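Chains as they are written, first to last, in my numbering: chain A, 121 to 358; chain B, 121 to 358.
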DNA sequence: AAAGTGTCGACTGTCGACACTTTTGCGTTG
DNA sequence: CAACGCAAAAGTGTCGACAGTCGACACTTT
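What follows is the structure in structure tokens.
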């Protein structure tokens, strides 16, 4: 019996370690707004609630801290990260920078299949715009941009995009609703796709800059008007 | 480790952040090549050696994992990250992307003091080229580039640069010696500084692209010729 | 002899415990 | 009545311990 030589892709019963599970759970809670910015994430409470010890919770906290979702203040614990308006500006500025690059790289190695995948995702975006589901809309928008980064072929860039995106989603989630008409948002991706298809790098960069700059301005305006959010509790005394 | 029992600490370091200390120690060991790529970082051994328990060592490991210095394999522990040549390419590609942007931002808000600081750091680079100290040369080169990122005003970009740099330093440290004539390396920064001073954004981008591309080619060549380094121990079969 | 199996040792993942720090609650005082 | 301050409560930082898992090595089987 030669069963071992050709293992059909068994599901690989990796009993997902606690740390990943807890981290995912916390991430969801943060993005969903269940844990608002500035909220304390008490490891003891989380551990009790989940029925695990504090060790894996702490490690999950470290993980999310490195992703920019939490901040750790010594002897005081983890808090959901708050973002000053300037920090959001920094994030968008950086995001534009790397997505411009990603789009150029993607255009250079674009295959018919790749183009079809982008087109398909954009169609999904239109479909989502029809129904009224802001969270889903944000999700599909994110996926379109992620696809570009994925198709760039630069793994590290994709990882960076994921980090920036998860951080930005705290803010987007905070805003709660879409910052613009859903259908219009889908439409603004058209010139971007066309530019990538054209292969004209200057045009691609201009397109991406315009597209993301638009989103940036929308977010920046809302962030500055709506929440008079207090900053992170600091430890530096007078 | 009852730090409280030793109220008069000789080193002025705090008593409360074992994790940071351990992380810094491990980082140094990795960059110095004491822990070569692929080496196992046994938490029990580290803990014994430092006289602390395994908990803070584990957390430091998570920290370094998020910085790309270590990889964690479930049930097997931490290993110093190995970089396939393509991953180094990704790193440099991304680095060029963000440093181009940083240089443009810096040029836009360049003050006389800022320009002086860049000039000074470049002079230091020349001085270091005179003595023969490869590690120091790499350090000062790194500082010049970091200064540009710092002066860009985008904090998040600076953090990203630090992450990329520490990751690249594993590789640079691995190569061990400079990949080119020290004095020439210092000189190649001149056009970059001049471009920033000029404020011509296209020129700045071109300069940076050329300058870093040069370093990239040097590193890529050495990495591909010298070490027939085996990849990270994985757990997923073919 | 090659491949597969069983056992041993080492190490990780997780836990509960303890000391110290921060926060909270409440009584005291100006 | 508000500000202050002290003491209890809650929570974090770290530790040592135990169980489960992985890798190595010798042993059995084909």
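C-beta: ideal position from N, C-alpha, C; glycine also.
Since the model is a prediction, treat every value here as computed from it, not as a measurement.
Could you tell me how far apart the beta carbons of residue 203(A) and residue 291(A) are, in whole angstroms, since I believe they sit closer than 8 Å? Indeed, because the Cβ distance is near 6 Å, the residues count as touching under 8 Å.
I'd like the list of long-range same chain contacts for residue 184(A), defined as Cβ closer than 7 Å, with 5 residues on each side in sequence excluded. Closer than 7 Å at Cβ, skipping near neighbours: 143, 146, 147 and 190.
Which residue's Cα is closest to the Cα of residue 243(A): 323(A), 222(A), 192(A) and 308(A)? For residue 243(A), the closest C-alpha among the options 323(A), 222(A), 192(A) and 308(A) is that of 308(A).
Opening and closing residue of the alpha helix (DSSP H) in which residue 146(A) lies: Per DSSP, residue 146(A) belongs to the alpha helix (DSSP H) from 138–151.
From the DSSP output, in three-state form, read off residue 339(B) for me. In the three-state reduction of the DSSP assignment, residue 339(B) falls in the helix class.
Label residue 345(B) either buried or exposed according to how many other C-beta atoms from any shown protein chain fall within 10 Å of its C-beta, with 16 as the threshold for buried. Residue environment for residue 345(B): exposed (fewer than 16 other C-beta atoms within 10 angstroms of its C-beta).
C-beta atoms of residue 176(B) and residue 200(B) nearer than 8 Å: No, they are not a contact pair.
In the DSSP assignment, find the unbroken beta strand (DSSP E) run with residue 285(A) in it and report its ends. That residue, residue 285(A), is in no beta strand (DSSP E); its alpha helix (DSSP H) goes 275–295.
Under 8 Å between C-beta atoms of residue 214(A) and residue 280(B): In this structure, residue 280(B) lies closer than 8 Å to residue 214(A) by Cβ.
Give the list of continuous alpha helix (DSSP H) stretches no shorter than 4 residues that lie fully inside the segment 191–231 of chain B. The segment 191–231 of chain B contains, as complete alpha helix (DSSP H) runs of 4+ residues, the segments 205–228 (chain order).
Measuring alpha carbon to alpha carbon, tell me which of 322(A), 288(A), 316(A) and 313(A) ends up nearest residue 361(A). Here chain A covers residues 121 to 358 and nothing more, so residue 361(A) does not appear.
Whose C-alpha, out of 216(A), 180(A) and 239(A), is nearest the C-alpha of residue 314(A)? Of the candidates 216(A), 180(A) and 239(A), 239(A) places its Cα closest to the Cα of residue 314(A).
Measure the CB-CB distance between residue 325(A) and residue 160(A) and report whether it falls below 8 Å. No, the pair does not count as a contact, with Cβ atoms beyond the cut-off.
Give the range of the alpha helix (DSSP H) segment to which residue 156(B) is assigned. It is not in any alpha helix (DSSP H) - residue 156(B) carries neither H nor E in the DSSP assignment.
Within a Cβ cutoff of 8 Å, which residues of the same chain sit near residue 241(A), ignoring the five residues on either side of it in sequence? Leaving aside the five residues that flank residue 241(A) on each side, the residues in its chain whose CB is nearer than 8 Å to its CB run, in chain order, 260, 263, 264 and 267.
Under 7 Å (Cβ pairs) to chain B, residues found in the segment 291–323 of chain A: Listed in sequence order: no entries.
Using a beta-carbon distance below 8 Å, is residue 327(B) in contact with chain A? No, its Cβ sits nowhere closer than 8 Å to a Cβ of chain A.
Is the shortest distance between the beta-carbon of residue 179(A) and the beta-carbons of chain B less than 8 Å? Yes, residue 179(A) counts as interfacial toward chain B.
For residue 131(B) and chain A, any beta-carbon pair shorter than 8 Å? The pLDDT assigned to residue 131(B) is 38, lower than 50, so where the model puts this residue is not dependable; a value taken from the coordinates is nonetheless given after this. Residue 131(B) is outside the set of residues whose beta carbon lies under 8 Å from a beta carbon in chain A.
Residue 161(B) (DSSP reduced to helix, strand or coil): Under the three-state reduction of DSSP output, residue 161(B) falls in the strand class.
Short CB-CB distance (under 8 Å) between residue 175(A) and chain B: Chain B, which has a Cβ nearer than 8 Å to the Cβ of residue 175(A), makes this yes.
Cβ of residue 157(B) within 8 Å of any chain A Cβ: No, residue 157(B) does not count as interfacial toward chain A.
Buried or exposed: where does residue 173(A) fall if 16 or more other Cβ atoms within 10 Å of its Cβ makes it buried? It is exposed - the Cβ of residue 173(A) has fewer than 16 other Cβ atoms within 10 Å.
Compare the C-beta of residue 203(B) against all C-beta atoms of chain A and say whether one is closer than 8 Å. Residue 203(B) is outside the set of residues whose beta carbon lies under 8 Å from a beta carbon in chain A.
First and last residue of the alpha helix (DSSP H) that includes residue 181(B)? Looking at the DSSP string, the run of the alpha helix (DSSP H) that includes residue 181(B) is 174–186.
In whole angstroms, what separates the C-alpha of residue 300(A) from that of residue 311(B)? Cα to Cα, the separation comes out at about 44 Å.
Quick one: residues in its chain with C-beta nearer than 8 Å to the C-beta of residue 218(B), no 5 flanking neighbours on either side, listed in chain order? When the five nearest sequence neighbours on each side are left out, the beta carbons in the same chain lying within less than 8 Å of the beta carbon of residue 218(B) are those of 269, 277, 280, 281 and 284, in order along the chain.
Compute the Euclidean distance between the alpha carbons of residue 212(B) and residue 166(A), then round it to the nearest angstrom. Each residue's alpha carbon lies about 40 Å from the other.
Straight-line CA distance for residue 72(B) to residue 249(B)? In the structure as shown, chain B starts at 121 and stops at 358, and residue 72(B) therefore has no counterpart that could be examined.
Using three-state DSSP, classify residue 110(A) as helix, strand or coil. Shown here, chain A extends from 121 to 358; a query on residue 110(A) therefore has no answer.
Could you tell me which of 322(B), 332(B), 271(B) and 246(B) sits nearest to residue 304(B), measuring between CA atoms? The candidate whose alpha carbon is nearest that of residue 304(B) is 246(B).
Status (buried if at least 16 other CB within 10 Å, exposed otherwise) for residue 126(B): Confidence at residue 126(B) is low in this model, with a pLDDT of 31, below 50, so its placement is unreliable and the value that follows should be read with caution. That one is exposed.
Are the Cβ atoms of residue 294(A) and residue 153(A) separated by less than 8 Å? The answer is yes: Cβ separation under 8 Å.
Residues in the same chain with beta-carbon distance under 8 Å from residue 151(B), minus the five sequence neighbours each way, listed in chain order, please. Within the same chain, residue 151(B) has close Cβ partners 286, 289, 290 and 293.
What distance in whole Å lies between the Cβ atoms of residue 179(B) and residue 178(A), which are believed to be in contact at a cut-off of 8 Å? The beta-carbon distance between residue 178(A) and residue 179(B), rounded to whole angstroms, is 7 Å. This is short enough to meet the 8 Å contact definition.
Pick helix, strand or coil for residue 358(A), following the three-state DSSP scheme. With a pLDDT of only 33 at residue 358(A), under 50, the local geometry of the prediction cannot be trusted, and no value is derived from it.
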